[in-house]
Every structure is written in C-alpha cells, then in structure tokens.
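Asks: Just passing along the structure, written as structure tokens.
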Amino acid sequence: MIEQTTTLRNLEDWMARTGLRFRLKPVRSTEGALSAFFNHHCDLYTSDRIGLHAQRLLKAPEREDYVILPEAISKEPLGPMVRPDERRWFDVVRWVFLATVLAEEKGITTANAARLKEEAQDPEVRRFLGATAGVGWGLGLDDGWAFRVVTQVGNYGEIFDRHLGAASPLGIDRGMNGLWMNGGLHYAPPLGG
C-alpha cells in the first residue's frame, strides 16, 4: 500500500465494512509497492482497475500468474479535468465526451459516420453529424464538431476497445464503462439544437 493515498484509505474502509483483516505494509511509492508484490513480500496489491491491468501487463514477471479480482472496493471515477476558471472549455470537453457516448448509443462509428450523415433519417443523428444545423450553437462551435470527433477518434466503445478493451494489450472488460442499455453507467443527454 502506498502511504497517504486514497487507495490505502479505501482498503482500510473496506476492511472495516467487511470485517476482513489484512496486515497492511505501507510503502512510499508505487515502485516500492510493486516490487514488494512481484517479489512475493506481500500477497495483495490494490489500485484502480486500469492501474491493476497496466501494472500486470508492464511489470508482472508472468502475466498469467496474477489474477485481478472482480470486486470493486471503492468508486473513484476517472475522467477529463479542466481548470476551474475555464467554464467554456469545460463545456466543450464535457460535450466531446458525451458526443462519443451518444455516437455509440446511436450506432455511429468511425466507419459509418460519413454515410449516416447523408442517409440517416433519425433527426438526432442528423443534428449530431451536422447534416441539420444547430448542434454547435450552444457551445460556440460549428455544426461539424461532433462529426469530426467521431470520425477522428471514434465513439466511446471504439475508444475504450482500442485503448483499454479487447483490442488493446490490457483487455479490460467494459463493466460499468458500458452503455446504460448494456448494464453500464454511461448515457448521454440529447444534443441541443
């Protein structure tokens, strides 16, 4: 465990809730914790799920020898951050993220966005792709911004899969990062117009 981190506090809270006890060995750095774990000086290493997968991929002597347990002992969402005095930039960053989620909900991908821009009948899809005016107005952007996002980086599922999921070396299951309609937590409000 790394001293003075939320990870340590989360494990202590989890032990208090469950009544399970571990002997904790706080260390000063991630490197120290990983060294103790991979050199068998301790039996458990805890971190956020992405960190666990990344450390297993990068540091484990034999990746297959290490199991990431499915239980989550805390909830600490990870997401984009902006300075508090940048409200307009915050709105743009937030809506870029939400646009990737909405694109996945609507089945818009890097591969089909251009075709859907021409052929889609769904008014929300047409607005999203800039075929109908209005999607950029509230953000001070042009109407092609969401189309450019999805054609350049993909929808949320494509991004997750490429960087964290099945198409990546990490191979992380989407779990709570899935869409609401698939049992996950992600959903996007409708884009204005």
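Quick note: the sequence shown, position 70, residue 75 per our numbering, numbers continuous. Think of the CB as a built atom: it goes at the ideal place given N, C-alpha and C, for glycine as much as any other residue. Just so we're clear, the structure is a prediction, and the values are computed from it rather than from any experiment.
#1: How about residue 169 and residue 100: are their beta carbons less than 7 Å apart?
#2: Given this structure, state the Cα-to-Cα distance separating residue 75 from residue 54, to the nearest angstrom.
#3: How far does the alpha helix (DSSP H) with residue 157 in it reach, from first residue to last?
#4: Rounded to whole angstroms, what's the CA-CA distance from residue 42 to residue 48? Just pull it up for me.
#5: Take residue 66 as the anchor and find which of 147, 44, 128, 165 has the nearest alpha-carbon.
#6: From 139, 161, 148, pick the residue whose C-alpha is nearest to that of residue 113; which is it?
#7: What do you get for residue 72, buried or exposed, if any count of 16 or more other CB atoms within 10 angstroms of its CB means buried?
#8: Quick one, are the C-beta atoms of residue 31 and residue 8 less than 7 Å apart?
#9: What separation, rounded to the nearest whole angstrom, lies between the Cα atoms of residue 140 and residue 134?
#10: Use the C-beta contact count for residue 61: other C-beta atoms within 10 angstroms, 16 or more gives buried, fewer gives exposed.
#11: Could you tell me which residues DSSP pairs with residue 7 in its beta bridges?
#12: Relative to the alpha-carbon of residue 176, which residue among 166, 184, 183, 185 has its alpha-carbon at the smallest distance?
#13: Residues in its own chain within less than 7 Å of residue 132 by CB, not counting five upstream and five downstream?
#14: Buried or exposed for residue 50, going by 16 or more other Cβ atoms inside 10 Å?
#15: Along the chain, which unbroken stretches of the alpha helix (DSSP H) at least 4 residues long are found entirely within the segment 122 to 187?
#16: Can you tell me which of the three DSSP states residue 58 falls into?
#17: Does the beta-carbon of residue 11 have 16 or more other beta-carbons within 10 angstroms, so that it is buried, or is it exposed?
#18: Am I right that residue 151 and residue 119 are in contact with their C-beta atoms under 8 Å? What's the rounded C-beta distance?
Replies: In this structure, then:
#1: Taking the sequence shown and counting its residues from 1, the one referred to as residue 169 is at position 164. Taking the sequence shown and counting its residues from 1, the one referred to as residue 100 is at position 95. Cβ distance not < 7 Å, so residue 169 and residue 100 don't count as in contact.
#2: Residue numbering aside, residue 75 sits at position 70 when the sequence shown is read from its first letter. Residue numbering aside, residue 54 sits at position 49 when the sequence shown is read from its first letter. One C-alpha to the other measures close to 9 Å.
#3: Your numbering for residue 157 matches position 152 in the sequence shown. It spans 150 to 158 - the alpha helix (DSSP H) in which residue 157 sits, taken as one unbroken run.
#4: In the sequence shown, the residue the question calls residue 42 occupies position 37. In the sequence shown, the residue the question calls residue 48 occupies position 43. If I take the Cα positions, the gap works out to 6 Å.
#5: Here residue 66 refers to the residue found at position 61 when the sequence shown is read from its first residue. Ranking the options by Cα distance to residue 66, first place goes to 44.
#6: Stepping through the sequence shown from its first residue, residue 113 is reached at position 108. Nearest C-alpha to residue 113: 161.
#7: On the sequence shown, residue 72 is found 67 positions in, with the first residue counted as 1. The residue is exposed, with fewer than 16 neighbouring Cβ atoms inside 10 Å.
#8: On the sequence shown, position 26 is the one that residue 31 refers to. On the sequence shown, position 3 is the one that residue 8 refers to. Yes, the pair counts as a contact, with Cβ atoms nearer than the cut-off.
#9: For the purposes of this step, residue 140 is identified with residue 135 of the sequence shown, where counting begins at 1. For the purposes of this step, residue 134 is identified with residue 129 of the sequence shown, where counting begins at 1. Taking the straight line from one Cα to the other gives about 8 Å.
#10: Taking the first residue of the sequence shown as 1, we reach residue 61 at position 56. Per the 10 Å Cβ criterion, buried.
#11: By one-based count along the sequence shown, residue 7 stands at place 2. The partner list for residue 7 (beta bridge, DSSP) reads 32.
#12: Residue numbering aside, residue 176 sits at position 171 when the sequence shown is read from its first letter. Closest option to residue 176, Cα to Cα, is 166.
#13: Taking the sequence shown and counting its residues from 1, one reaches residue 132 at position 127. Correct list, in chain order: 139, 140, 196, 198.
#14: Reading the sequence shown from its first residue, position 45 is the one you call residue 50. Residue 50 comes out buried.
#15: 128 to 133, 150 to 158, 161 to 168
#16: As a first step, residue 58 must be located in the sequence shown, where it is residue number 53. Residue 58 falls in the helix class under three-state DSSP.
#17: In the sequence shown, residue 11 corresponds to position 6, counting from 1. Exposed.
#18: Taking the first residue of the sequence shown as 1, we reach residue 151 at position 146. Taking the first residue of the sequence shown as 1, we reach residue 119 at position 114. About 13 Å separates the two Cβ atoms, so there is no contact after all.
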